[in-house]
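Position 27 of the sequence shown, counted from 1, bears residue number 116 in this note's numbering, the numbering being contiguous throughout.
Beneath this line is the structure, given in structure tokens, with notes to follow.
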Amino acid sequence: MPNYKLIYFNMRARGEVARLLFTLAQVEFQDIRIEYPSEEWIKLKPTTPLGQLPVLEVDGQRLVQSKAIFKYLAREFVYGKSNWECAEIDGIMDTCEDFHTPITPILRSEGSEKAKLLQTYQEETLPQILNGLESLVPDGHNYFVGEKLTVADLSAYCDIELASIIAEIPINELLHKYPKLSAIRSHVESNDRIASWVKTRPKTYV
Ligand SMILES: N[C@@H](CCC(=O)N[C@@H](CS)C(=O)NCC(=O)O)C(=O)O
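Following this line, the structure appears as structure tokens:
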């Protein structure tokens with residue numbers, strides 16, 4: 090088994106899906122957590138390829154971009170059964186990326202500008218993405234794709250939680266109109282390995 094080192098901030102945000110993939114596959118990895126902001130990050134930033142995290146090191150070779158990292162790990166551990174299923178999973182992951190795009194502008198703005206961006210996120214962005222994701226869960230199925238947990242379910246699980254924190258809407262309230270997404274959330278949380286990870290992982294804001 091390769092030597093895996095995941096370098097990310099001490100947050101879930103763009104790193105947690107990778108951690109959940111390792112957990113689900115029961116594969117050991119070094120969970121390197123950098124505080125943000127910190128002197129440590131100021132020193133480390135120029136040594137990273139993009140000046141950003143996450144970075145995954147596999148036997149000393151570096152991979153950048155969270156989605157590329159998740160897809161690489163998923164291909165190693167738990168992707169779809171066919172090219173078509175993998176493409177369906179990619180579609181879910183790309184949709185989940187849309188939760189992230191507006192977040193930095195919200196966090197970096199202040200006052201009435203922040204309130205306006207937050208309102209658009211709550212009232213327009215989230216319903217649009219959640220309606221889309223809900224429609225992508227096949228009727229009568231417990232997962233986005235196939236009959237077992239994949240990186241699609243883990244991505245939705247992590248990113249819906251992140252969106253609920255940023256939007257300041259409790260997750261049960263956010264998901265009350267989305268029974269299929271609520272069911273996926275329960276399935277992810279009831280997986281023994283994930284449940285144990287969630288219970289013991291460092292407690293962070295996002
Ligand atoms: N597209 C990149 C975005 C990475 C990114 O925005 N990373 C942020 C944290 S979530 C970061 O490194 N911020 C610190 C900085 O830019 O100094 C990905 O998905 O990995």
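Glycine included, each C-beta is placed from N, C-alpha and C at the ideal position.
Please read these numbers as outputs of a predicted model, since none were measured by experiment.
Quick check: is any heavy atom of ligand 1 less than 7 Å from the C-beta of residue i?
| i | result |
| --- | --- |
| THR102 | Sequence check: residue 102 is Ala here, not Thr. True, at least one ligand heavy atom lies under 7 Å from that Cβ. |
| LYS94 | no |
| LEU142 | yes |
| PHE111 | no |
| PHE159 | no |
| SER155 | yes |
| LYS132 | no |
| PHE98 | yes |
Using the Cα positions of residue i and residue j, report the straight-line distance between them to the nearest angstrom.
| i | j | result |
| --- | --- | --- |
| SER171 | GLU177 | 10 Å |
| GLN79 | ALA102 | Shown here, the chain extends from 90 to 295; a query on residue 79 therefore has no answer. |
| GLY104 | SER155 | 7 Å |
| CYS247 | ILE283 | 12 Å |
| GLN217 | TYR93 | 36 Å |
| PRO135 | LYS266 | 44 Å |
| TRP286 | TRP173 | 30 Å |
| VAL240 | LEU110 | 7 Å |
| ARG164 | GLN211 | 34 Å |
| GLU129 | SER201 | 33 Å |
For ligand 2, I want to know if residue i counts as a neighbour, meaning its beta carbon is within less than 7 Å of at least one of the ligand's heavy atoms.
| i | result |
| --- | --- |
| GLN217 | Ligand 2 is not among the ligands present in this structure, which contains only ligand 1. |
Which partner residues of residue i appear in the DSSP bridge assignment?
| i | result |
| --- | --- |
| LEU95 | ASP120 and LEU145 |
Can you confirm whether the segment 148-159 touches the segment 111-130 when touching is taken to mean that 3 or more C-beta pairs between the two stretches lie within less than 8 Å?
No contact exists between the segment 111-130 and the segment 148-159.
Whole alpha helix (DSSP H) elements within the segment 115-163, 4-residue minimum:
For the alpha helix (DSSP H) assignment, the uninterrupted runs of no fewer than 4 residues enclosed by the segment 115-163 are, from N- to C-terminal side, 128-133.
Enumerated in chain order, which unbroken segments of the beta strand (DSSP E) with a length of 3 residues or greater are wholly contained in the segment 243-291?
Annotation: the segment 243-291 contains no complete segment of the beta strand (DSSP E) (minimum length 3 residues).
With three or more C-beta pairs closer than 8 Å as the rule, is the segment 184-202 touching the segment 268-284?
The segment 268-284 vs the segment 184-202: no contact.
Starting from the N-terminal side, write out each stretch of the alpha helix (DSSP H) that is 4 residues or longer and does not extend beyond the segment 156-211.
Qualifying alpha helix (DSSP H) stretches, in chain order: 172-189, 192-197 and 200-209.
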